[in-house]
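The next block holds one structure in the form of structure tokens; read it before the comments.
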Amino acid sequence: MAQFIYDDTRGAQFDDRVLAHLQVVMLNKLRRRESFAFSWEEPRGLVSIWVHPSVALQFIYSGNRPPSLNRAWLELLADSANSTGGLHTLPEPPPDATLET
């Protein structure tokens, strides 16, 4: 399992493939200096954080090779990140195109 760490204090575990897609979407938003909400489900309930360009993020992977990226999933996640509800973890759709990293 990969780990997402926010501001050196808050962490969450995701599958490497999920985190790779979230990382692309988050870094694209932050590169444009855009803040956004990010939410995911944990056993104890829904967690939401406010992601801002000045806050440190860490993406730590358990695998030794980067996963291939699904363009359709990236677009779905990006649409979510640009919505008023913010970025949510969403199930992977069938790929319409796969990008190798």
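All the letters of the sequence shown, read from the start, carry residue numbers 1 to 101 under the UniProt record's numbering.
We put the CB at the ideal spot given by N, CA and C, even for glycine.
- When rounded, the separation of the alpha-carbon atoms in Gln3 and Phe59 is 6 Å.
- Counting C-beta pairs closer than 8 Å gives fewer than three between the segment 6-13 and the segment 63-76, which falls short of the contact rule.
- If you check the CB distance, Ala72 and Val25 do not come in under 8 Å.
- For Glu41, the beta-bridge partners assigned by DSSP are Leu46.
- Beyond the five residues adjoining it in sequence on each side, Tyr61 comes within less than 6 Å, by CB distance, of Ala2, Asp16 in the same chain, given in chain order.
- With respect to the C-alpha of Ser39, the residue from Ser83, Leu69, Glu75, Arg33 having the closest C-alpha is Ser83.
- Going by DSSP, Arg71 is part of the alpha helix (DSSP H) stretching over 71-81.
- Between Ala37 and Leu87, the gap from beta carbon to beta carbon is short of 8 Å.
- Closest option to Leu27, judged by alpha-carbon separation, among Gly45, Gly85, Ala81: Ala81.
- Note on Val47: under 16 other CB atoms within 10 angstroms of its CB, so exposed under the neighbour-count rule.
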